[in-house]
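Going down the list, the protein sequences come from chains U and D. All residue numbers for the first sequence refer to full-length UniProt numbering, where the first residue is 1 and numbers rise by one. All residue numbers for the second sequence refer to full-length UniProt numbering, where the first residue is 1 and numbers rise by one. So the structure is just underneath, and the comments pick up after that.
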Amino acid sequence: MYDGGKIIAGLVIFLGVVTFPFWYTQANEEAIEKPQLLLPADETECVEPTAYMRASHMQMLNEWRDFVVREGQATYLSSTGKMYEMSLTRTCMKCHTSRQEFCNKCHAYSGVSTPYCWDCHVEPKESA
Amino acid sequence: MMKSRRSFLKISGACLLGLGVKPVLNAFAQAERMEIAPNPNALRAGRWALVVDITKCRDDCTDCINACNRAHNIPDLGRTKEEVKWIWNESYEHAFPGVEHEFVEERVKHQPFMVLCNHCDNPPCVRVCPVQATWKREDGIVMMDFHRCIGCRCCMAACPYGSRSFNWTDPRPYIPEGRMNPDFPTRTKGVVEKCNFCVERLAKGLQPACVESCSSGVLTFGDLDDPNSEVRKVLGERYSIQRKPELGTRPRVYYIL
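If you want it as structure tokens, here you go:
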């Protein structure tokens with residue numbers, strides 16, 4: 001291989017630059033503060049397990065929307081066997097009363113833009 | 001075709017591996033799980049209809065309009081050109097063009113007619129919507145999905161009753177203070193809206209807001225497919241007319257004059 005040393009050195013530098021964001025954040029884990037979310041005080045479980053909600057709440061909200069609006073179905077049967085009304089304002093926001101302290105904080109942390117739910121749906125009044 | 005012992009073993013191995021992968025696929029399939037339960041309280045019908053007995057309607061009363069505005073967060077823009085209306089008052093000649101004439105009974109001539117979406121059996125708005133943001137439900141209600149509306153206003157052009165309103169501006173600031181109903185979404189700039197026969201109330205087992213608010217017994221809401229329903233009884237006893245029936249839209253709002 002001609003100029004093998006140069007090629008390998010170049011590849012190493014290239015990989016280093018490309019993966020910089022990953023190992024830099026790994027090394028500075030402490031520096032980035034995990035968002036302190038306001039969790040409901042009087043409720044310990046969500047409609048589905050926390051891990052599922054964290055990963056898939058957006059799909060779930062979309063499905064809820066389609067069931068309620070397009071099929072006229074309003075009751076959700078969770079994997080834990082409980083029934084919930086499929087409603088952003090009456091079910092989700094009944095416990096997660098603060099959009100600012102729950103939704104927005106985590107969305108800001110993950111760099112996900114705030115969805116347009118509240119352009120129409122009425123969020124609970126912030127007490128502060 | 002000859003198969004060597006080696007290729008036979010290879011294929012068997014691949015098959016076994018495939019079986020091993022099955023549980024993983026099942027796990028993925030489970031992630032798609034979404035279950036719903038029917039609501040036992042919901043009011044159901046084959047075909048919803050509204051009968052308006054205008055002989056009982058009081059001239060100065062706007063209870064039904066106010067109840068609807070409150071239930072659905074309808075803004076008060078104060079500009080008639082951009083107004084949003086679900087139920088509104090219309091004069092006889094505007095509500096029933098084609099059947100009006102100059103010698104019509106004085107009472108009818110000056111009577112305000114409450115008009116709303118007719119939830120047609122053959123809705124032209126549904127035919128023209130390019131994104132199926134409006135559609136006819138199985139129970140006959142012509143429903144809107146505000147999430148899907150692109151604001152093209154084809155439905156407004158198609159509706160012969162002017163039942164649809166476009167949001168020219170964000171309606172939130174125009175909802176009077178303290179009148180916000182947090183249970184019903186407001187709309188956003190760029191979507192079309194209209195009466196939905198209170199589907200959100202029917203799902204909870206309640207009558208439409210206008211029907212509930214009327215203290216004079218003007219409005220009767222019920223199932224046309226049920227021969228024993230209140231609407232069928234009223235329609236069977238009194239002579240009723242519909243708005244612009246000649247257009248073939250088959251409206252589901254009936255008027256008793």
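The beta carbon of each residue, even a glycine, is placed where N, CA and C say it ideally should be. None of these values were measured; they are calculated from a predicted model.
Any non-hydrogen atom of the ligand MG closer than 7 Å to residue i Cβ
i	result
Cys-120(D)	Among the components of this structure there are no ligands whatsoever, and the ligand MG is therefore not found.
Contacts that residue i makes with chain A (C-beta to C-beta distance below 9 Å)
i	result
Met-83(U)	As a matter of chain content, chain A is missing from the structure shown, whose protein chains are U and D.
Cβ-Cβ distance between residue i and residue j below 8 Å
i	j	result
residue 258(D)	Ala-42(D)	In the structure displayed, chain D extends from 1 to 257; residue 258(D) sits before or after that span and is not available.
Thr-249(D)	Pro-124(D)	yes
Cys-64(D)	Ile-36(D)	no
Ser-216(D)	Lys-56(D)	yes
Arg-164(D)	Met-156(D)	yes
Asp-139(D)	Arg-232(D)	no
Leu-38(U)	Ser-87(U)	no
Cys-117(D)	Val-142(D)	yes
Cutoff 8 Å: residue i Cβ touching any chain U Cβ
i	result
Asp-121(D)	no
Thr-134(D)	no
Phe-146(D)	yes
Val-199(D)	yes
Pro-173(D)	no
Arg-70(D)	no
Pro-112(D)	no
Asn-127(D)	The sequence given here places Arg at residue 127(D); Asn does not occur at that position. Chain U, which has no Cβ nearer than 8 Å to the Cβ of Arg-127(D), makes this no.
Within-8 Å CB hit, residue i to chain D
i	result
Thr-50(U)	no
Phe-67(U)	yes
Gly-10(U)	no
Gln-100(U)	no
Val-18(U)	no
Ala-128(U)	In this predicted model, Ala-128(U) has a pLDDT of only 44, less than 50, meaning its place in the structure is not dependable enough to derive any value.
Gln-73(U)	yes
Contacting residues, own chain, Cβ-Cβ under 7 Å from residue i (five flanking each side not counted)
i	result
Arg-187(D)	Phe-146, Asn-167, Pro-171, Glu-193
Arg-238(D)	Ile-256
Beta-carbon proximity list for residue i, same chain, < 6 Å, skipping 5 on both sides
i	result
Leu-50(D)	Phe-221, Val-253
Ala-158(D)	Pro-124, Cys-125, Val-128
Val-47(U)	Ser-78, Tyr-84
Residues of its chain near residue i, where Cβ-Cβ distance is below 8 Å and the 5 sequence neighbours each way are ignored
i	result
Pro-185(D)	Asn-73, Phe-146
Considering only residues of the region 169–255 of chain D, which uninterrupted alpha helix (DSSP H) runs meet the minimum length of 4 residues and lie entirely inside it, listed in chain order? 199–202, 209–213, 230–237
Within the chosen definition, does the region 13–26 of chain D reach the region 70–79 of chain U through at least 3 CB pairs nearer than 8 Å? no
Decide if the region 235–249 of chain D is in contact with the region 90–107 of chain D; the criterion is three or more beta carbon pairs, one per stretch, under 8 Å apart. yes
For the region 70–87 of chain D and the region 222–236 of chain D, state whether three or more C-beta atom pairs, one from each stretch, are separated by less than 8 Å. no
Within the region 31–108 of chain D, note down every full beta strand (DSSP E) run reaching 3 residues or more, in order along the chain. 48–53, 88–90
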